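Here this note's numbering is used: the first residue of the sequence shown is 223, the next is one more, and so on.
Ideal Cβ placement from N, Cα and C applies to all residues, glycine included.
This one's a predicted model, so the numbers in the text were calculated from it and none came from an experiment.
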Amino acid sequence: MMSENLDPLELVLNASIVVQIVMALLLLASLVSWSIMLRKRAELKKARTDADRFEETFWSGGDLTAMFRTIDQSRRVTRGMEAIFEQGFREFSRLRQQGGIASAQLIEGARRGMRVALLRESDRLELGLAMLATIGSTSPYVGLFGTVWGIMNAFHGLGNVQQATLSMVAPGITEALIATAMGLFAAIPAVVAYNRYADQVSRIEVRYDTFTEELSTILQRHASASRESRGAEAHA
């Protein structure tokens, strides 16, 4: 008989307005976190694929100027390593065309362009992680608040009862525990996803940073070769 009275859906519908609000907030938080998780999974997979594809093209031995022109003429929004290369090489070419600029200044200008692109890409990769962390850390406490409130209501209802029985407090305690369960249901996937995606983002950012250093070294060789070539022409 008591099991018939403890239907979870009925308990949620008959819960106090405060507990219902708590459950609605936790349900919303769970939906938001799963939406972020699915979107982030696709974004990070694409970022890794794009990085692999660009590195394969970049290290194939092609001309960097021709590669830059191809990217520039496509007039599409670049992402990841391609964006870092585009910004760095664009600034390098612009400063080199001005003439009379030392190699160190050329490289420093290119590095500034690459750093701006790197920070922009890092911000894009990390977008949504803070929300996952917030949901993962706060949902258990929101659920606990609903639990405490539900238990308070359950015992408050016994104030005018001379002889309390388990069947009288069971519904209130059960609705309170449902709030706790919903809090954990929202928090656990968010925490797991945050840790997983934060690690993946960190690995991708390391690849971007390494590529920035490698491109700086290549541009430095180009700048030195160009200066030596102009010096040889001047002496000829």
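Range covered by the alpha helix (DSSP H) that runs through residue i
| i | result |
| --- | --- |
| Trp281 | No alpha helix (DSSP H) contains Trp281, which DSSP labels as neither H nor E. |
| Ser238 | Premise fails: Ser238 is in no alpha helix (DSSP H) and is neither H nor E. |
| Arg312 | 302-320 |
| Arg346 | 325-348 |
| Arg297 | No alpha helix (DSSP H) holds Arg297; DSSP gives it neither H nor E. |
Under 7 Å between C-beta atoms of residue i and residue j
| i | j | result |
| --- | --- | --- |
| Thr360 | Ala401 | no |
| Glu313 | Gly331 | yes |
| Met259 | Ala403 | no |
| Gly335 | Gly310 | yes |
| Ala164 | Leu347 | The chain is shown from 223 up to 458; residue 164 falls before or after that span and cannot be answered. |
| Arg337 | Ser438 | no |
Straight-line Cα distance separating residue j from residue i
| i | j | result |
| --- | --- | --- |
| His457 | Ala288 | Bear in mind that the predicted position of His457 carries a pLDDT of just 46, short of 50, making it unreliable; the figure below should be weighed with that in mind. So the two alpha carbons sit approximately 30 Å from each other. |
| Asp431 | Gly302 | 11 Å |
| Ala408 | Val364 | 10 Å |
| Phe280 | Leu286 | 8 Å |
| Ile306 | Asn375 | 59 Å |
| Met224 | Val240 | Because the pLDDT of Met224 is 45, which lies under 50, any placement of that residue in the model is unreliable, and the question is left without a value. |
| Val428 | Gly405 | 34 Å |
| Arg263 | Ser257 | 10 Å |
| Ala210 | Ser255 | Absent from the model: residue 210. The displayed extent of the chain is 223 to 458, so no value can be given. |
| Phe276 | Leu248 | 41 Å |
| Gly322 | Leu341 | 30 Å |
| Ala324 | Ala273 | 31 Å |
| Phe367 | Leu349 | 29 Å |
| Leu235 | Leu250 | 17 Å |
| Gln442 | Arg316 | 15 Å |
| Leu193 | Ile410 | Shown here, the chain extends from 223 to 458; a query on residue 193 therefore has no answer. |
Chain D within 7 Å of residue i, Cβ atoms only
| i | result |
| --- | --- |
| Met353 | Absent from the structure is chain D; it holds one protein chain and no more. |
Cut-off 8 Å between Cβ atoms - residues of its own chain near residue i, not counting five sequence neighbours on either side
| i | result |
| --- | --- |
| Glu308 | Phe290, Ile293, Asp294, Thr300, Ala339 |
| Leu231 | none |
| Ile440 | Leu286 |
Contacting residues, own chain, Cβ-Cβ under 7 Å from residue i (five flanking each side not counted)
| i | result |
| --- | --- |
| Gln422 | Leu266 |
| Ala420 | Leu351 |
| Arg270 | Ile426 |
| Phe433 | Met303, Ile306 |
| Ser252 | Phe407, Ala408 |
Sequence-distant residues of the same chain with beta carbon closer than 6 Å to residue i, five excluded per side
| i | result |
| --- | --- |
| Glu455 | With a pLDDT of only 47 at Glu455, under 50, the local geometry of the prediction cannot be trusted, and the value read off the model is given with reservation. Closer than 6 Å at Cβ, skipping near neighbours: no residue. |
| Gly394 | Gly372, Asn375, Ala376 |
| Ala237 | Glu397 |
| Gln242 | none |
| Ala412 | Ser255, Leu354, Ile357, Gly358 |
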